[in-house]
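One structure below.
Protein chains: 2
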Amino acid sequence: MPVMRQAFLLTLAALCAAGSASAQPEPAAAPSPGEIVAAAPVSDWVDIPAGDLLVMTLAPDAKGKARRAFIQLMPQPLGQGWVENIRLLTRARWYDGLSINRAQDNYVVQWGDAEGDDPKRAKPLPAGLKTVPESEYVSSVSVAERQAALAALPNRTSRSDPFSGFAFFLNGWPLAADIIMRTPISVGGSNRAVPPPTSEPAWPVHCYAMVGVGRGLSPDTGSGAELYVVIGHAPRHLDRNIALVGRVVEGMEHLSSLPRGAGALGFYEEPEERTPIRSVRLASDLPAADQPHLQYLATGSASFARYADARANRRDPFFLVPAGGADICNIPVPIRRKP
Amino acid sequence: MPVMRQAFLLTLAALCAAGSASAQPEPAAAPSPGEIVAAAPVSDWVDIPAGDLLVMTLAPDAKGKARRAFIQLMPQPLGQGWVENIRLLTRARWYDGLSINRAQDNYVVQWGDAEGDDPKRAKPLPAGLKTVPESEYVSSVSVAERQAALAALPNRTSRSDPFSGFAFFLNGWPLAADIIMRTPISVGGSNRAVPPPTSEPAWPVHCYAMVGVGRGLSPDTGSGAELYVVIGHAPRHLDRNIALVGRVVEGMEHLSSLPRGAGALGFYEEPEERTPIRSVRLASDLPAADQPHLQYLATGSASFARYADARANRRDPFFLVPAGGADICNIPVPIRRKP
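Which chain is which? The protein sequence lines are A and B, in order. Numbering that gives the first Met the number 0 puts the first residue of the first sequence at 0, with every later residue one more than the last. Numbering that gives the first Met the number 0 puts the first residue of the second sequence at 0, with every later residue one more than the last.
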């Protein structure tokens, strides 16, 4: 469960102590975030469609152990221009045989064509890729949905996003939105009330494990041929400046634990340092028996609201002082294999 | 420079383009955070005392490459009970021969005595370790200093900490503080004005690369014999619940890129998966020629204020939309080797 990490910081000793039998019945502790997730009813879990799931197989590690990562692509309407390019590149088997070329500590791991900057050696791209405009970095949400989503979050989380007006979860994804000023406008010399907008600009945010599209300088927006994943503290300054297209939902450790590159921006200096990508496939294109089945906890569910509250107000026995809040990326959306 | 990571997310192609000669002079771009740091005058840099610097040497990696990490211990008055224990353990060479026993993705890497939970096999601790009370998780700062520190930060950063009242930098460290209510109290039947407090509770925060003290359940506070470092998104829910004692200022990549443990909480299941710790030394106890000399950018300096503003409002050519703010952990304190 790479995205759901509600772990406690216990010493080994405490871990053993907590598991040992006690002569006295202990007072019922408040449930931990993990316990709330484990108790969530089946109806609070949402299947990730096989058509939204990439299976990336890396070369085995130095000990011969297999390495696979699953990437959930964003649903409509988020980042769909790039998502369609990525489906096209995947079905063309374009990523097969490429490599992970960059690992910058506390920032990103990035993959694609290591020779992409050399016109003579670059791997030809398949036909049909779209050029997606910069306007697509931002989508929109209905004000009513945003308000409901904020109401479900702990107080400090909903009112204190240091990077934008609001941050919240919608349809399983962390989003941020702008506050739109609703001043009356002057029409024919008199101020008329203007109906409040029913939708607002909103965009996905760069939390840990989110996957985005490498690009050059504006107006380039990247095609999806070069992708990165966040491996450190959320680089939220990238929000609205680059396309997000999904998140790693399993196997994140195979990417986050790669040796960091010694070159500028964490690029590997020697070709042999790069990790080969054996293949990338859409789960829906795999034989049925090979398709992974994953689910995320519905972010509009009562279980998720309890989970978010417990993340912001840790009441399990390890904790003395609940924070009273949490930033949006400190509330990772729980993911599981479908039971 | 493992803590100062102002990196751009550029494709290889854009990296090359940016470095190429241009026929037309380009308009002067606003400086990036890294450029501001590089231009900071010598007087804005503070030496890290050799007595505050731990040199941790791990076993070489699989390719025989040396691995060293430097840890800056916190200054007075933060966490000093544990810091003194750690100096004592270091001088007793107690950490030598122990190992890194845990690597939990997006959370912590932890080291100490892997047999510490077994009284028969645990390594005996040196005499003289203190038991530090839980009250020491929180320190205090002067209200005037906190106000000045907040004023130097971007607006959204200073007013929007999702985890506490305030977050700011003081003497080179990220801190959070509580808002104290200043209501008049009733004395002898009448409300009397109460002079505002001159100091407030404050505590260090769990940003990436911060080092803390593993512990069991309350009232245990840990001795410092078991330490962890944050390798993922800031787990700020640990603030005030566990002791922070320092931060990794160089060599962080040797810890953050370790393979994740497959056991509960990321503990390694097989002893051979643990990374041996060859030695831990105070830099001040090394021969003068072997002592590393590091500096941090004074967080009260004009350079730091410009750097923090640029982190929150990226104006370098890669960016289209400045965020307008940043959380405290998205403004890592710049560290460098002393020139």
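No residue lacks a Cβ here, since even glycine has one placed at the ideal position from N, Cα and C. Note that the structure is predicted; figures quoted are calculated from it, not measured.
Query, Result
"Taking arginine 310 (chain A) as the query, report the chain B residues whose CB atoms sit under 9 angstroms from its CB, ordered along the chain.", "His236"
"What is the residue span of the alpha helix (DSSP H) that threonine 156 (chain B) lies within?", "154 to 158"
"For glutamate 269 (chain A), count neighbouring Cβ atoms within 10 angstroms of its own Cβ and tell me buried if that reaches 16, exposed if not.", "exposed"
"Along chain A, in chain order, which residues have C-beta atoms closer than 7 angstroms to that of proline 258 (chain B)?", "Ser256"
"Only counting the same chain, and skipping five residues up and downstream in sequence, which positions put a Cβ closer than 7 angstroms to that of leucine 87 (chain B)?", "Pro125, Gly127, Leu128"
"Does any CB atom of chain B fall closer than 8 angstroms to the CB of aspartate 177 (chain A)?", "no"
"Let's see if you can read the secondary structure: which residues bound the alpha helix (DSSP H) around asparagine 84 (chain A)?", "79 to 90"
"Just reading off the beta strand (DSSP E) that glycine 245 (chain A) is part of, what are its end residues?", "243 to 249"
"Could you give the DSSP three-state label for valine 137 (chain A): helix, strand or coil?", "coil"
"Specify the secondary structure class of asparagine 100 (chain A) as computed by DSSP and reduced to three states.", "strand"
"What is the DSSP secondary structure of aspartate 112 (chain A), reduced to helix, strand or coil?", "coil"
"Looking at the C-beta of histidine 232 (chain A), does it have a partner C-beta in chain B at a distance below 8 angstroms?", "yes"
"Mind listing the chain B neighbours of glycine 324 (chain A)? Cutoff is C-beta to C-beta under 7 angstroms, in chain order.", "Pro161, Phe162"
"Excluding the five sequence neighbours on either side, which residues of its own chain have a C-beta within less than 6 angstroms of the C-beta of serine 163 (chain B), listed in chain order?", "Ala175"
"At a Cβ threshold of 8 angstroms, is glutamate 199 (chain B) touching chain A?", "no"
"The alpha helix (DSSP H) that contains arginine 277 (chain B), what's its start and end?", "No alpha helix (DSSP H) contains arginine 277 (chain B), which is instead part of the beta strand (DSSP E) from 274 to 281."
"With a CB to CB cut of under 8 angstroms and the five nearest residues on each side skipped, what residues in its chain are close to alanine 297 (chain B)?", "Asp43, Trp44, Val45, Gly171, Phe303"
"In whole angstroms, what is the alpha-carbon distance linking valine 140 (chain A) and glutamate 199 (chain A)?", "6 angstroms"
"Just to confirm the assignment, what range does the alpha helix (DSSP H) spanning aspartate 308 (chain A) have?", "301 to 311"
"Would you check if the distance between the CB atom of arginine 155 (chain A) and the CB atom of proline 286 (chain B) is smaller than 8 angstroms?", "no"
"Determine the direct distance from the alpha carbon of aspartate 51 (chain A) to that of proline 76 (chain A), and round the result to whole angstroms.", "13 angstroms"
"Can you tell me whether glutamate 271 (chain B) is buried or exposed? The criterion is at least 16 other CB atoms within 10 Å of its CB, across all chains shown.", "exposed"
"Opposite glutamine 71 (chain A) in the DSSP bridges: which residues?", "A:Leu52, A:Arg246"
"Measure the CB-CB distance between isoleucine 241 (chain B) and arginine 280 (chain B) and report whether it falls below 8 angstroms.", "no"
"Out of curiosity, what's the CA-to-CA distance linking serine 157 (chain B) and serine 255 (chain B)?", "29 angstroms"
"Candidates B:Val212, B:Tyr267, B:Leu216: which alpha carbon is nearest valine 244 (chain B)'s?", "B:Val212"
"Tell me which residue opens and which closes the beta strand (DSSP E) that glutamine 294 (chain A) is part of.", "293 to 296"
"Going straight from the alpha carbon of valine 247 (chain B) to that of arginine 67 (chain B), what length do you get?", "11 angstroms"
"Going by Cα to Cα distance, which pick from A:Leu226, A:Thr274, A:Phe318 is closest to aspartate 60 (chain A)?", "A:Thr274"
"Does the beta carbon of phenylalanine 167 (chain B) come closer than 8 angstroms to any beta carbon on chain A?", "no"
"Does any residue of chain D have a CB that is nearer than 8 angstroms to the CB of methionine 251 (chain B)?", "This model lacks chain D altogether, as its protein chains are A and B."
"Quick one: grab the DSSP three-state call for glycine 265 (chain B).", "helix"
"Let's see if you can read the secondary structure: which residues bound the beta strand (DSSP E) around glutamate 199 (chain A)?", "198 to 203"
"Any Cβ of chain A within less than 8 angstroms of the Cβ of arginine 239 (chain B)?", "yes"
"Would you call glutamine 294 (chain A) buried or exposed, if buried means 16 or more other Cβ atoms sit within 10 Å of its Cβ?", "buried"
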